[in-house]
Structures are given as structure tokens and as C-alpha cells.
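S.K.:
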Amino acid sequence: EERTLFQLDEAIEALDAAIEYKNEAITCRQRVLRASASLLSQCEMNLMAKLSYLSSSETRALLCKYFDKVVTLREEQHQQQIAFSELEMQLEEQQRLVYWLEVALERQRLEMDRQLTLQQKEHEQSVQLLLQQSRDHLGEGLADSKRHYESRIQALEKELGRHMWLNQELKQKLGSWSAAGPSRGPGA
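If you use this note's numbering, the sequence shown corresponds to residues 1397 to 1584, in order.
#1: Look up residue 1512 in the DSSP assignment and say whether it is helix, strand or coil.
#2: Just how far apart, CA to CA, sit residue 1479 and residue 1445?
#3: Terminal residues of the continuous alpha helix (DSSP H) containing residue 1450?
#4: Is residue 1447 near residue 1455, with beta carbons less than 8 Å apart?
#5: Please state the DSSP three-state secondary structure of residue 1397.
#6: In whole angstroms, what is the alpha-carbon distance linking residue 1561 and residue 1572?
#7: Inspect the beta-carbon positions of residue 1459 and residue 1450 and report whether they are closer than 8 Å.
#8: Note down the Cα distance separating residue 1500 from residue 1462, rounded to an integer number of angstroms.
#9: The ligand GDP heavy atoms versus the CB of residue 1405: any closer than 7 Å?
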């Protein structure tokens, strides 16, 4: 319980210090505001005092001068607003141009993609056609080679048959010469 009371006393002291700090800040701010208001009113009073020493023609001349200055500043402001509006219009026009250029660029990109795809397809068809022609040519070449080899085989078979026949004939002659006599040779 004593500890709680001690903590509460500490909290109250902290709040008092914060309130005192805020009060000082408010008081200081009020002094600054009063001083600036006093300075402003003093400047106005000085200006009015100086104006009261001027003659009516001098006051009118000064008033005309400052009136002209206000008019000139307003005209400049109006010209700047017109120039700003023109710049905004130019910006919008440039943004539209950029938009249309982006659209045209996208269209061109799509057209280039389409043409590239078409060229790839045509290239693939050309490659397939060349492969087919190569196969056909190779097939024709193989057929010609096959016919050539078949005719060569037939010729070799005929030659083999002739050699076999000659071999048979020679065997028969050799057999008949062997049977006729050992003393006689093939040249006799």
C-alpha cells in the first residue's frame, strides 16, 4: 500500500512538471504573438504617420503607383496561368502521342511476331520438303543400286554356273584321262 502511494506521488509530480512545461511554452508563444502583433500595429502606425505627412497629390501618386503594381502583378499571374494551361495542353498532347506510339509499337511487334512465325513455318515446310526429296532421291538411288547389284549378282551367278560347268567338264576329262592311262599326260 505504501509502495502504491509512493508511485502515485511520483506520477503526480511528473504530471505537475509536464503541466508547468506546457504553461511556460504557452506563455512564451503568447509573448511572441503579442510582440509580432505589436510590431505589426507599430509598422501600420508608422506607415499611417508617414502617409499623414504626405500631401494629397503625393498620396494619390503613391496610391496610383501601388495600384499599378497590383494590376501588373495580377496581369503577370494571369499570363502565367495561361502559359501553364498551354503547357498542360502540350503535355496532354504529348501523352496522347506517346500512347499512340506505344500502340503502334505493340501492333508492329505483333506483326513482326506473326511474320517470324510464318517464316519459321515456311522454313520448317522447306526443310520437310528437302528431307522428303532426299528420301525419294535416296530411295531412287537405292532402287537403282539394288537393280545394279541384282544384275551383277545374276551375271556372277551365270559366271559361277559356267565355271562350275567347266569344272565339271574338266573333272570328267581328268577322270577319263586318268582311266585311260597313267603314262599319258594331259598334253599328249
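Ideal placement from N, C-alpha and C gives every residue a C-beta, glycine not left out.
M.R.: Considering the structure as presented:
#1: Three-state DSSP puts residue 1512 in a helix.
#2: About 42 Å.
#3: For residue 1450, there is no enclosing alpha helix (DSSP H), as DSSP gives it neither H nor E.
#4: Taking 8 Å as the Cβ cut-off, residue 1447 and residue 1455 qualify as a contacting pair.
#5: Under the three-state reduction of DSSP, residue 1397 is assigned to coil, being neither helix nor strand.
#6: Near 16 Å, if we compare the C-alpha coordinates of residue 1572 and residue 1561.
#7: The answer is no: Cβ separation not under 8 Å.
#8: Their backbone Cα atoms lie some 56 Å apart in a straight line.
#9: Absence of the ligand GDP from the depicted structure is noted, as is the absence of any ligand whatsoever, leaving it without description.
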